[in-house]
Amino acid sequence: MKKCKKIFAACLSISLIASLALTGCGQSKSGSGAGSAAAGSAAQKKQGYVIGFSNFSVGNSWRVQMQAEFEAEAKRLQAQGVVSKYYMTNSNNDIAKQIADVKDLITKKVDAILITAASPNALSPVCEQAEKQGIKVISFDNVVQTDAITSKVGIDQTAFGKTCADFLVKKLNGKGNIVVLNGTAGTSNNELRWQGAKKVFDQNPGIKILGSANADWDYAKGKTAMENFLSAYPNIDGVWSQGGAMTQAAIDAMVAANRKLVPMSGEANNGVLKEWKKYAGQGFDCICPSDPTYESSAALDTAVDALQGKKVDKKTVITPPAVTTENLDKFLREDLPDSFWNVTKLSEADIQKMYKSSASSSSN
20 MKKCKKIFAA CLSISLIASL ALTGCGQSKS GSGAGSAAAG SAAQKKQGYV
70 IGFSNFSVGN SWRVQMQAEF EAEAKRLQAQ GVVSKYYMTN SNNDIAKQIA
120 DVKDLITKKV DAILITAASP NALSPVCEQA EKQGIKVISF DNVVQTDAIT
170 SKVGIDQTAF GKTCADFLVK KLNGKGNIVV LNGTAGTSNN ELRWQGAKKV
220 FDQNPGIKIL GSANADWDYA KGKTAMENFL SAYPNIDGVW SQGGAMTQAA
270 IDAMVAANRK LVPMSGEANN GVLKEWKKYA GQGFDCICPS DPTYESSAAL
320 DTAVDALQGK KVDKKTVITP PAVTTENLDK FLREDLPDSF WNVTKLSEAD
370 IQKMYKSSAS SSSN
């Protein structure tokens, strides 16, 4: 009986050892399975990421070129196998449609969404929804309010406005009457640019603001606003403008009224640079910071970095050059229409394709 118990115990021991060995094999297989999953994931990544681009408008030349910059970079990344597919949507300034567009991109299970938002507040919840579902969300240009996304990409808009104001204060030796041409009321870019300028003017009480107008970064509206200023104020010493087409319009309005040109600020757009060059010999001076159209491609590169596990800052600040008297000739393109935006990463071939048959545009 004892012998039988010993045999049974030995068998039980062998069985336990075998069981443990099998369990070990099972764990090894499980690990191998995880490795296979990782390999599958890596293989999937090799096929490229799927990108969604939610645009709220292509209603002016800046936005058209900005979208072209995105496409150029997306195609470059496709050629490298980094991006497999991309979707582009345009809500035509319709906030509800843009929300629906982003929801549709979520449904398509894109890996990342780039968004330039029609409303900083209204688009925040759907961006947060996408981020919670594992989608990298990069907001650029007109950014969403929420910080619960991967990153915000763009220039320092407050610094843009400050640069323009500092220029005028210096040119006027801290004293003079100016008028203000703002962009679209309520948009984040407009408000931030003016905040940067106002702080400078508040610190220089010798600068008197005669009047201001929201001209929507548009040539026609800018010209009407400037004509109204010229009728109302016989002594204007400077123009603070936050848009290229509006500054071009202000120059044209002053010339048409036979008024002496005064120092102005603007934005790096080919139309205003042409006018600047034309009247520089008469003592006209200007400064044009840039909000580059390649913000979209920078946003795409940021999304790819995040998808590849690289560290991405919550705020990715682009610092493009400002166009000044010293570098005006470097950025000016006399061979291209007014609608061209001079600080760009588009290839010369892409630039020629976009603009070689374009007529001059009057819209910023």
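Residue numbers for the sequence shown follow my numbering, beginning at 20 and rising by one. For every residue, glycine included, the Cβ atom is placed at its ideal position computed from N, Cα and C. All values derive from a computational prediction rather than experimental measurement.
query, result
"Buried/exposed call for Ala318, threshold 16 Cβ in 10 Å", "buried"
"Residue range of the beta strand (DSSP E) that includes Gly173", "170-173"
"Cβ pair Leu280, Val342 closer than 8 Å", "no"
"Straight-line gap, Asp271 to Ile114 (C-alpha atoms, nearest Å)", "35 Å"
"Lys242 to Ala119 span [Cα, whole Å]", "36 Å"
"Option in Gln327, Ser207, Gly215, Asn201 with minimal Cα separation from Gly230", "Asn201"
"Contact check, Asp304 vs Pro282, beta carbons under 8 Å", "yes"
"Beta-carbon proximity of Thr177 to Gly215, cut-off 8 Å", "yes"
"Per DSSP, the bridge partner or partners of Met245", "Answer by DSSP bridge pairing: none, since Met245 is not bridged."
"Assigned secondary structure, Gly300 (DSSP; H/G/I helix, E/B strand, else coil)", "helix"
"Other residues of its chain near Asn254: CB distance less than 8 Å, five sequence neighbours each side excluded", "Asn196"
"Whole-angstrom C-beta distance between Ile157 and Thr165, which should lie under 8 Å", "Actually they are not in contact, since the Cβ atoms of Thr165 and Ile157 sit about 13 Å apart, beyond 8 Å."
"Inter-stretch contact (C-beta, 8 Å, three-pair minimum) for the region 133-146 and the region 323-330", "no"
"Ranges of the beta strand (DSSP E) found wholly within the region 179-256, counting only runs of at least 3", "195-201, 226-233"
"Within 8 Å, strictly: CB atoms of Val121 and Val102", "no"
"Expected contact under 8 Å - CB spacing of Gly180 and Asp160 to nearest Å", "With a Cβ gap of about 16 Å, Gly180 and Asp160 do not count as contacting."
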